[in-house]
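Number of protein chains: 2
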Amino acid sequence: MKRMEEMILKEGKILPGGVLKVGSFLNQQVDIHFMKEIGDEVARLYKDSGATKILTIESSGIPIAISAGFAMGLPVVYAKKNKSSNVSGDVYSTPVKSFTHGNTNNVVVTKEYLSADDKILIVDDFLAHGSALTGLIDIVNQAGAEVVGCVAAIEKGFQMGGDRLRAEGYRIESLAIVDEMTDDGITFREQ
Amino acid sequence: MKRMEEMILKEGKILPGGVLKVGSFLNQQVDIHFMKEIGDEVARLYKDSGATKILTIESSGIPIAISAGFAMGLPVVYAKKNKSSNVSGDVYSTPVKSFTHGNTNNVVVTKEYLSADDKILIVDDFLAHGSALTGLIDIVNQAGAEVVGCVAAIEKGFQMGGDRLRAEGYRIESLAIVDEMTDDGITFREQ
Numbered sequence: 101m102k103r104m105e106e107m108i109l110k111e112g113k114i115l116p117g118g119v120l121k122v123g124s125f126l127n128q129q130v131d132i133h134f135m136k137e138i139g140d141e142v143a144r145l146y147k148d149s150g151a152t153k154i155l156t157i158e159s160s161g162i163p164i165a166i167s168a169g170f171a172m173g174l175p176v177v178y179a180k181k182n183k184s185s186n187v188s189g190d191v192y193s194t195p196v197k198s199f200t201h202g203n204t205n206n207v208v209v210t211k212e213y214l215s216a217d218d219k220i221l222i223v224d225d226f227l228a229h230g231s232a233l234t235g236l237i238d239i240v241n242q243a244g245a246e247v248v249g250c251v252a253a254i255e256k257g258f259q260m261g262g263d264r265l266r267a268e269g270y271r272i273e274s275l276a277i278v279d280e281m282t283d284d285g286i287t288f289r290e291q
Numbered sequence: 101m102k103r104m105e106e107m108i109l110k111e112g113k114i115l116p117g118g119v120l121k122v123g124s125f126l127n128q129q130v131d132i133h134f135m136k137e138i139g140d141e142v143a144r145l146y147k148d149s150g151a152t153k154i155l156t157i158e159s160s161g162i163p164i165a166i167s168a169g170f171a172m173g174l175p176v177v178y179a180k181k182n183k184s185s186n187v188s189g190d191v192y193s194t195p196v197k198s199f200t201h202g203n204t205n206n207v208v209v210t211k212e213y214l215s216a217d218d219k220i221l222i223v224d225d226f227l228a229h230g231s232a233l234t235g236l237i238d239i240v241n242q243a244g245a246e247v248v249g250c251v252a253a254i255e256k257g258f259q260m261g262g263d264r265l266r267a268e269g270y271r272i273e274s275l276a277i278v279d280e281m282t283d284d285g286i287t288f289r290e291q
């Protein structure tokens, strides 16, 4: 998605530790017109997938999932990073390590919101080492449902999570893939 | 909003400790068609407010904020509950006590996403004791911006936060107000 690359070049900031900050349009602050374009692009990519539900993880995956949900007319489920008092009953649960935050969260989805009949499209804002997507795929598998594919708004190609999941046979679509990120600039993978 | 009351009666579950669980359509799982109705209703209520930006708090306020953002064509900013490594630079910060989770979070918004020229519409899923809205209002005040009003999808009237904020002069619109919640049923406030 050319527009995603343009927005990253225009608005993105490279922070120490390999962090790409896109808070001005993708998370923290959401450019709502661009977010609609993102949802439309997800819908275009997966229109023939037979997806019945979109799954994401709080918090920064939620705007993308909601926009894709609007574009596709599909319900959205978001995994929570900690079981709280309003997550009742039986849950699917999986540990997810966050490289950004340097911790591991137990990620949960209430069982009644995923069924074995579901065909799940997984979306998130970033795909780096692939831990969040791997965790969400694990939850879908626990439910006996099918993963039709995944979308990341931005993939950090040099952290290999996307290519590892592709090698495992999953359809992984990233709206932009950053293959190199230095003080001199950003190199995108040709798609 | 009659439809919100109907959805609460149809889908809501009362849990111990005064928790109203609406995970099947409002948070955890989002009924995307109903979420569009919510955004349209927020837009109807605040169409003449001059709002320039929508502010919410992660995570369960985000779907409502995004839907309202689509309906109003406004950017969405969401406050984060903990400063993380991708929230860089100067932030507005305020403590917010969660009665659901029983803890206090430092809620932050990066300063560059709120300016003194902004007219802010605050949205959230629940309004109970009013701590989240009070914290978000404090952040808007720190930025020197103006609060044009607040929307809660569901207000627990018996926990008084909404009426306290109304008495302070804020415009608080709740799509449904639960005045009583017992094993025998739910009583809504006439609006």
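Chains F and W supply the protein sequences, listed in that same order.
101 is the number of the first residue of the first sequence in this note's numbering; add one for each residue after it.
101 is the number of the first residue of the second sequence in this note's numbering; add one for each residue after it.
For every residue, glycine included, the Cβ atom is placed at its ideal position computed from N, Cα and C.
Spatial neighbours of Phe-288(F) in its chain, beta-carbon cut-off 7 Å, leaving aside the 5 residues before and after: To locate residue 288(F), count along the first sequence from 1; it is residue 188. Excluding positions up to five away in sequence, the list reads Glu-105, Ala-276, Ile-277, Val-278, Asp-279.
Stretch pair the stretch 214-226 of chain F + the stretch 149-165 of chain F: three plus CB contacts closer than 8 Å: The answer is yes - the stretch 149-165 of chain F touches the stretch 214-226 of chain F, with three or more Cβ pairs under 8 Å.
6 Å CB neighbourhood of Val-240(W) in its chain, flanking five on each side removed: Sequence index remark: in the second sequence, residue 240(W) carries index 140 (1-based). Excluding residues within five positions, the ones whose Cβ falls inside 6 Å are Ile-220, Val-247.
Cβ of Lys-136(F) within 8 Å of any chain W Cβ: The sequence position of residue 136(F) within the first sequence is 36, counting from 1. Yes, Lys-136(F) counts as interfacial toward chain W.
Rounded distance between the beta-carbons of Gly-261(W) and Gly-230(W), thought under 8 Å: Along the second sequence, one-based indexing puts residue 230(W) at 130. Along the second sequence, one-based indexing puts residue 261(W) at 161. Yes, they are in contact, since the Cβ atoms of Gly-230(W) and Gly-261(W) sit about 2 Å apart, within 8 Å.
Where Lys-147(F) falls, given that 16 or more other Cβ within 10 Å makes a residue buried: Along the first sequence, one-based indexing puts residue 147(F) at 47. Answer is exposed; the Cβ neighbour count stays below 16.
Selection of the stretch 211-222 of chain W by Cβ proximity to chain F, strictly under 7 Å: Going along the stretch 211-222 of chain W in chain order, one finds Tyr-213 with a Cβ nearer than 7 Å to chain F.
Gln-128(W), buried or exposed, once every other Cβ within 10 Å from all chains shown has been counted against 16: The residue labelled residue 128(W) in the question sits at position 28 within the second sequence. When all chains shown are included, Gln-128(W) counts as buried.
Burial state of Ser-160(F) (16 or more Cβ within 10 Å): Position 60 of the first sequence, counted from the start, is the residue given in the question as residue 160(F). Counting Cβ neighbours within 10 Å, Ser-160(F) comes out buried, since at least 16 surround it.
Leu-174(W): contacting residues in chain F (beta-carbon distance under 9 Å): Here the question's residue 174(W) lines up with position 74 in the second sequence. Within 9 Å Cβ-Cβ: Ile-132.
Residues near Gln-291(W) by beta carbon distance below 7 Å, same chain, minus five either side: Here residue 291(W) refers to the residue found at position 191 when the second sequence is read from its first residue. In the same chain as Gln-291(W), and ignoring 5 residues on each side of it, the C-beta atoms closer than 7 Å to its own belong to Ile-277, in chain order.
Min CB distance Tyr-178(W) to chain F below 8 Å: Your numbering for residue 178(W) matches position 78 in the second sequence. True, the Cβ-Cβ gap to chain F drops below 8 Å.
Chain F within 8 Å of Gln-291(W), Cβ atoms only: Sequence index remark: in the second sequence, residue 291(W) carries index 191 (1-based). It does not; no Cβ of chain F falls within 8 Å.
Within 8 Å, strictly: CB atoms of Ala-216(W) and Gly-244(W): What you label residue 216(W) is simply residue 116 of the second sequence in a count that begins at 1. What you label residue 244(W) is simply residue 144 of the second sequence in a count that begins at 1. In this structure, Ala-216(W) places its C-beta atom within 8 Å of the C-beta atom of Gly-244(W).
8 Å Cβ cut-off: residues of chain F touching Ile-166(W): The residue labelled residue 166(W) in the question sits at position 66 within the second sequence. Residues of chain F passing the Cβ test: Val-130, Ile-132, Met-135, Ile-162, Pro-163, Ile-166, Ser-167.
Proximity of Val-191(F) and Val-209(F) at Cβ, strictly below 8 Å: As a position in the first sequence, residue 191(F) is number 91, starting the count at 1. As a position in the first sequence, residue 209(F) is number 109, starting the count at 1. Against a cut-off of 8 Å, the Cβ pair of Val-209(F) and Val-191(F) comes out as a contact.
Beta-ladder partner(s) of Val-209(F), from DSSP: Locating residue 209(F) in the first sequence gives position 109, counting from the first residue. Answer is Tyr-192(F).
3 or more residues per run - each beta strand (DSSP E) lying fully within the stretch 130-164 of chain F: List check, beta strand (DSSP E) in window: 153-157.
Nearest to Arg-271(W) (by Cα), restricted to the options Gly-173(W), Leu-214(W), Val-142(W), Lys-181(W): Within the second sequence, the letter at position 171 stands for residue 271(W). Arg-271(W) has its Cα closest to that of Val-142(W), out of Gly-173(W), Leu-214(W), Val-142(W), Lys-181(W).
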